[in-house]
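Have a look at the structure below, then the notes.
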Amino acid sequence: MLWLQEFDLDIRDRSGAQNLVADHLSIIERPKDSADILPIQDNFPDENLLIVSSVSISSPTPWFANIVNFLVASIFPLLASRAQIDKIKSDAKHYIWDDPYLGKLCSDQVIRRCIPNYEIDSVLQFCHSSALGGHLGIQRTARKVLDYRFYWPTIFRDAWKICSTFEIKSESTDKSFKVNGHQLKPFLSNPSLLDVVVEEMSLLNPASLPP
1 MLWLQEFDLD
11 IRDRSGAQNL
21 VADHLSIIER
31 PKDSADILPI
41 QDNFPDENLL
51 IVSSVSISSP
61 TPWFANIVNF
71 LVASIFPLLA
81 SRAQIDKIKS
91 DAKHYIWDDP
101 YLGKLCSDQV
111 IRRCIPNYEI
121 DSVLQFCHSS
131 ALGGHLGIQR
141 TARKVLDYRF
151 YWPTIFRDAW
161 KICSTFEIKS
171 ESTDKSFKVN
181 GHQLKPFLSN
191 PSLLDVVVEE
201 MSLLNPASLP
211 P
């Protein structure tokens with residue numbers, strides 16, 4: 001304050017927006033002889049915060065969460081057994097953390113990016129569709145995922161599920177449903193004849209038969 005006295009200052013107070021509701025509540029007085037006055041309690045019965053076990057459906061925990069926690073902060077899951085801790089340590093040797101991505105050093109010495117669970121379906125749909133309009137098989141779909149340098153532990157199993165499942169749309173109800181592709185059989189309905197002349201023959205009238 002002594003240093004500010006060396007300058008010629010003019011301090012002005014500019015009032016902000018008025019909150020009439022807060023001003024009205026602040027001047028309300030409760031009668032002293034009111035019987036509904038509650039005593040102030042110093043103890044809080046629910047002051048403990050319990051563990052949160054529910055996970056959001058929109059963004060579930062990725063499958064590599066335990067590996068990332070170990071690589072970054074050396075933290076293991078709660079109530080994890082000794083065998084689970086040893087497995088996390090053993091698996092973490094093949095992973096590389098490059099914030100915010102996790103890489104997996106595969107057997108072919110190629111580092112592939114680990115993708116979370118909610119991106120697996122979109123990656124498989126993209127790799128399953130061919131540029132020519134068809135669909136690739138199980139092995140080619142899985143290999144295409146690896147060629148794009150993506151990784152998750154169940155690539156071939158998920159590729160088998162998406163390649164063996166077909167989505168059929170009903171013409172009457174306009175609803176779509178998925179079926180197993182191995183149970184589908186070819187079916188021809190209302191076959192149309194070619195543009196040819198059709199002659200009717202009757203066995204009861206032999207004269208109508210061609211000579």
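The sequence shown runs 1 to 211 under the UniProt record's numbering. Even for Gly, the Cβ is constructed at its ideal location relative to N, Cα and C.
Inter-residue CB distance, residue i and residue j (contact presumed, cutoff 8 Å)
i    : j    : result
F150 : I115 : 5 Å
K104 : Y95  : 6 Å
DSSP state of residue i mapped onto helix, strand, coil
i    : result
W160 : helix
S90  : helix
Y151 : strand
S129 : strand
L105 : strand
S172 : coil
I40  : coil
L146 : helix
D121 : helix
A83  : helix
T141 : helix
Residue span of the alpha helix (DSSP H) that contains residue i, given as start and end
i   : result
D99 : Note, D99: premise wrong, no alpha helix (DSSP H); not H, not E.
A73 : A65 to A73
Given residue i as reference, the closest of the options once Cα atoms are compared
i    : options                   : result
K161 : I111, W152, R113 and D121 : D121
K93  : I138, A83 and C106        : C106
F126 : Y148, W152 and S81        : Y148
S164 : I138, R143, R82 and D174  : I138
S90  : D99, W152, N66 and D98    : N66
W152 : F7, L9, N43 and R113      : R113
D108 : P77, P100, A83 and R143   : R143
Y101 : L136, P62, Q84 and S172   : P62
W97  : A73, I85 and K87          : A73
V68  : I88, S81 and F156         : I88
Buried versus exposed call for residue i [16 or more other C-beta atoms within 10 Å across all chains shown]
i    : result
H128 : buried
F64  : buried
T154 : exposed
L79  : exposed
I75  : exposed
V110 : exposed
V145 : buried
L124 : buried
D174 : exposed
D158 : buried
Residue i - containing beta strand (DSSP E), residue span
i    : result
D114 : The question names Asp, but residue 114 is Cys in the sequence shown. First-last of the beta strand (DSSP E) with C114: I111 to C114.
Residue i CB to nearest heavy atom of the ligand GTP below 7 Å
i    : result
L124 : In terms of ligand content, the structure shown is empty, and the ligand GTP therefore cannot be addressed.
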